[in-house]
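Take the sequence shown: its letters are residues 4 to 249, numbered as in the working numbering.
Following: one structure in structure tokens, then a few remarks.
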Amino acid sequence: MAPHLTGRRRFLKRVGAAVGLGSTALAGCTGTANVAPGQDSIARMSEQVDIPRVVGGPDDLKSEHTVRMVAIDGDEGNGFGYMPSVLWVEPGATVTWKHTANGSSKRVSHTITSMNKGNEKPQFTPKGSAPFDSGVIAGVGPWKDENALRGDLQTHLNGERPNGGFQGPYKLTFEAPKFPSGVYLYMCEDHMFFGMVGAVVVGDVGPNDPGWSPAMTKAPKPMFSDSFDAHLRTIRKTIKNQVSGQ
Ligand SMILES: [Cu+2]
4 MAPHLTGRRR
14 FLKRVGAAVG
24 LGSTALAGCT
34 GTANVAPGQD
44 SIARMSEQVD
54 IPRVVGGPDD
64 LKSEHTVRMV
74 AIDGDEGNGF
84 GYMPSVLWVE
94 PGATVTWKHT
104 ANGSSKRVSH
114 TITSMNKGNE
124 KPQFTPKGSA
134 PFDSGVIAGV
144 GPWKDENALR
154 GDLQTHLNGE
164 RPNGGFQGPY
174 KLTFEAPKFP
184 SGVYLYMCED
194 HMFFGMVGAV
204 VVGDVGPNDP
214 GWSPAMTKAP
224 KPMFSDSFDA
234 HLRTIRKTIK
244 NQVSGQ
């Protein structure tokens with residue numbers, strides 16, 4: 004097991020995930036949270052927190068942007084995500100991830116973990132790209148006084164946790180050779196069963212470019228929940244429609 008994904012850290016994240024959320028959300032930890040066919044919980048989340056679900060496009064690459072982590076209780080476990088869920092940036096751009104308390108979103112603990120073999124995940128990031136992992140971004144609550152946890156909460160792989168704040172932010176610069184152009188899918192280790200997955204598209208990539216695969220083409224894995232699959236499909240469809248000009 005990679006040193007940045009120790010058993011202790013996983014335990015802390017599990018406990019942290021529970022802070023601030025009711026029993027409905029906890030029940031969903033078994034992976035039973037589902038999105039009914041046709042429902043678009045990403046669009047619903049976007050409305051709730053008033054943040055667009057897509058920022059940028061193949062002709063509108065951002066030089067920097069902040070993605071917000073969303074946790075909305077009471078949506079049958081479908082209220083976890085990153086907003087925007089699809090972000091297009093230029094090569095060399097820096098992306099920042101932060102909590103949001105917009106709407107009814109609560110600041111609970113999350114991670115930003117790329118779907119990369121280096122993070123012990125199925126590979127849904129460009130071949131040869133480095134893994135990235137924020138470590139635990141703590142929620143707001145009892146965590147803030149837990150100095151003993153400071154070390155664990157600052158553990159991360161690539162990117163930065165500036166200002167020593169364990170409630171975030173996390174920053175990553177998508178610069179080759181570690182982070183070449185392509186589609187990067189990432190997820191929250193606390194909330195993957197709730198479908199907490201997002202995409203950063205680096206560069207004006209399309210189906211004929213390296214970096215389009217495996218994120219846009221590989222079959223979903225059995226480890227994913229129905230919510231995760233549904234959100235993955237929504238995200239891919241959004242990117243494909245943007246590329247084909249629909
Ligand atoms: Cu999360």
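All residues carry an ideal CB built from backbone N, CA and C; glycine is no exception.
Predicted model, so just to flag it, every value in this text is computed and none were measured.
- Query: Can you list, in chain order, every residue whose CB sits closer than 6 angstroms to a heavy atom of ligand 1?
  - Reply: Cβ-based neighbours of ligand 1 within the cut-off: Phe-83, His-113, Cys-191, Asp-193, His-194, Met-199.
- Taking all protein chains shown into account, do 16 or more other C-beta atoms lie within 10 angstroms of the C-beta of Asn-244, making it buried, or fewer, making it exposed? To locate residue 244, count along the sequence shown from 1; it is residue 241. Note on Asn-244: under 16 other CB atoms within 10 angstroms of its CB, so exposed under the neighbour-count rule.
- Within 10 angstroms of its Cβ, does Pro-210 collect 16 or more other Cβ (buried), or is it exposed? The count along the sequence shown starts at 1 and reaches residue 210 at position 207. So Pro-210 counts as exposed.
- Task: Look up Met-226 in the DSSP assignment and say whether it is helix, strand or coil.
- Result: In the sequence shown, residue 226 corresponds to position 223, counting from 1. Three-state DSSP puts Met-226 in coil, outside helix and strand.
- Query: How would you label Asp-136, buried or exposed, when you count the other beta carbons within 10 angstroms and need 16 or more for buried?
  - Reply: Numbered from its first residue, the sequence shown carries residue 136 at position 133. So Asp-136 counts as buried.
- Query: By Cβ distance, which residues of its chain are closer than 8 angstroms to Lys-279, with the 5 residues on each side in sequence left out?
  - Reply: Since the first residue shown for the chain is 4 and the last is 249, residue 279 is missing from the structure and cannot be characterised.
- Message: So, for Pro-223: in the same chain, excluding its five sequence neighbours on each side, which residues have a beta-carbon less than 7 angstroms away from its beta-carbon?
- Response: The residue given as residue 223 occupies position 220 in the sequence shown. Excluding sequence neighbours, Pro-223 sits near Asp-232, Leu-235.
- Rounded C-alpha distance that separates Pro-180 from Gly-77: On the sequence shown, position 177 is the one that residue 180 refers to. On the sequence shown, position 74 is the one that residue 77 refers to. Distance between the alpha carbons of Pro-180 and Gly-77 is about 42 angstroms.
- Query: Taking one C-beta from the stretch 197 to 212 and one from the stretch 159 to 170 each time, how about it: are there three or more such pairs within less than 8 angstroms?
  - Reply: Contact between the stretch 197 to 212 and the stretch 159 to 170 is absent: fewer than three C-beta pairs spanning the two stretches fall below 8 angstroms.
- Nearest-angstrom Cα distance between Ser-228 and Met-190? Looking up residue 228 in the sequence shown gives position 225. Looking up residue 190 in the sequence shown gives position 187. Taking the straight line from one Cα to the other gives about 12 angstroms.
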